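K.L.:
Have a look at this one.
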Amino acid sequence: NPSLWFNMGNQYYNYNPGLANDNNIDNYKILTSSAVRSGAGLATLFWTTNSLWLAQFTGNSQSVFSYTNLSNSISLMSQNSAIEANGIYYWIGEDRFHMYSGAVQPLPNQQNCIWFYDNLNFTYRSKVFAFKNPRFNEIWWVFPKGSSTECNHAIVYNYVENSWYDTPWERTAGYY
33 NPSLWFNMGN
43 QYYNYNPGLA
53 NDNNIDNYKI
63 LTSSAVRSGA
73 GLATLFWTTN
83 SLWLAQFTGN
93 SQSVFSYTNL
103 SNSISLMSQN
113 SAIEANGIYY
123 WIGEDRFHMY
133 SGAVQPLPNQ
143 QNCIWFYDNL
153 NFTYRSKVFA
163 FKNPRFNEIW
173 WVFPKGSSTE
183 CNHAIVYNYV
193 ENSWYDTPWE
203 RTAGYY
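Counted from 1, the sequence shown has number 48 at position 16 by this note's numbering; the numbering is strictly sequential.
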């Protein structure tokens, strides 16, 4: 459970005494984490400003968690821009879309990727957030478009049809 972890600098600790160990998993800021299914049991993904790490529970008294760097060439648009759907993790990086389903891969977007990056207000990129709409097999990323300082547009990925679209977002509050 990622909510059991807390950060002091870049050292991550587990609240559960007896199962805690510390490790400086990266020299960059950790932006967010998410529990992930693992054959070994408890595991957590950690996104830093430039990499993705997997922490897996080992139960070993010397190293209760093992850490694997999954990629040194990714980024994360904002701490709320990563989301899981059907065991696959999707996120927007600063220059492309990504997914993780056991391996980090680019998420192809030929429909509106260039349009998205040309229209995103990068100054307010920390406001980008993702949510899923399972009824329609969609992942939505809501973002500030153009000169807007608030999220006013969405880019949508349908993970069953493998298709992309976008739409205005006229709500003053979102959900995720």
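C-beta atoms are modelled at their ideal positions from N, C-alpha and C, and glycine is treated no differently.
Note that the structure is a prediction, hence the values are computed from the model and not measured.
With a threshold of 8 Å between beta-carbons, can Ile62 be considered close to chain D, or not?
P.N.:
Although the question refers to chain D, the structure presented lacks it and comprises just one protein chain.
K.L.:
Where do the ends of the beta strand (DSSP E) carrying Ile212 lie?
P.N.:
One cannot answer for residue 212 here, as it falls past the ends of the chain, which runs 33 to 208.
K.L.:
Have a look at the DSSP bridge pairing and note the partners of Thr64.
P.N.:
Residue numbering aside, residue 64 sits at position 32 when the sequence shown is read from its first letter. Note: Thr64 sits in a beta bridge opposite Trp79.
K.L.:
According to the neighbour-count rule (16 or more other Cβ atoms, all chains shown, within 10 Å of its Cβ), is Ser83 buried or exposed?
P.N.:
For the purposes of this step, residue 83 is identified with residue 51 of the sequence shown, where counting begins at 1. Result: buried.
K.L.:
Rounded to whole angstroms, what's the CA-CA distance from Pro200 to Asn112? Just pull it up for me.
P.N.:
Start at 1 with the first residue of the sequence shown, and residue 200 comes out as number 168. Start at 1 with the first residue of the sequence shown, and residue 112 comes out as number 80. Each residue's alpha carbon lies about 19 Å from the other.
K.L.:
CA-CA distance, Trp37 and Phe163?
P.N.:
Position 5 of the sequence shown, counting from 1, holds the residue named residue 37. Position 131 of the sequence shown, counting from 1, holds the residue named residue 163. Caution is warranted here: a pLDDT of 48 is assigned to Trp37, below 50, making its placement in the model unreliable, and the coordinate value is therefore given only provisionally. For Trp37 and Phe163, the distance between alpha carbons rounds to 23 Å.
K.L.:
Between the beta-carbon of Tyr121 and the beta-carbon of Tyr132, is there less than 8 Å?
P.N.:
In the sequence shown, the residue the question calls residue 121 occupies position 89. In the sequence shown, the residue the question calls residue 132 occupies position 100. Their beta carbons are under 8 Å apart, which means Tyr121 touches Tyr132 by this criterion.
K.L.:
Rounded to whole angstroms, what is the Cα-Cα separation between Leu152 and Gly134?
P.N.:
Counting from one through the sequence shown, the residue named residue 152 turns up at place 120. Counting from one through the sequence shown, the residue named residue 134 turns up at place 102. Going from the Cα of Leu152 to the Cα of Gly134 covers about 29 Å.
K.L.:
Return the first residue and the last residue of the alpha helix (DSSP H) that Phe175 is part of.
P.N.:
By 1-based counting over the sequence shown, the position of residue 175 is 143. Counting along the chain, Phe175 falls outside any alpha helix (DSSP H), though it belongs to the beta strand (DSSP E) covering 170 to 175.
K.L.:
Kindly indicate which three-state DSSP category Ser158 falls into: helix, strand or coil?
P.N.:
The residue you call residue 158 lines up with position 126 of the sequence shown. Helix at Ser158.
K.L.:
Report back the beta-carbon spacing between Leu102 and Val136 to the nearest angstrom; my notes put them in contact at under 8 Å.
P.N.:
Numbered from its first residue, the sequence shown carries residue 102 at position 70. Numbered from its first residue, the sequence shown carries residue 136 at position 104. Right, their Cβ atoms sit about 5 Å apart.
K.L.:
What whole-angstrom Cβ distance do Asn169 and Tyr191 have, given they're in contact under 8 Å?
P.N.:
Position 137 of the sequence shown, counted from the first residue, corresponds to residue 169. Position 159 of the sequence shown, counted from the first residue, corresponds to residue 191. Contact holds; Cβ gap of about 6 Å.
K.L.:
Quick one: give me the first and last residue of the alpha helix (DSSP H) that Trp147 is part of.
P.N.:
Translated into positions along the sequence shown, residue 147 becomes position 115. Run containing Trp147: 145 to 151, per the alpha helix (DSSP H) assignment.
K.L.:
Per DSSP, which residues does Asn112 bridge with? Please list them.
P.N.:
Mapped onto the sequence shown, residue 112 falls at position 80. BP columns for Asn112 point to Phe161.
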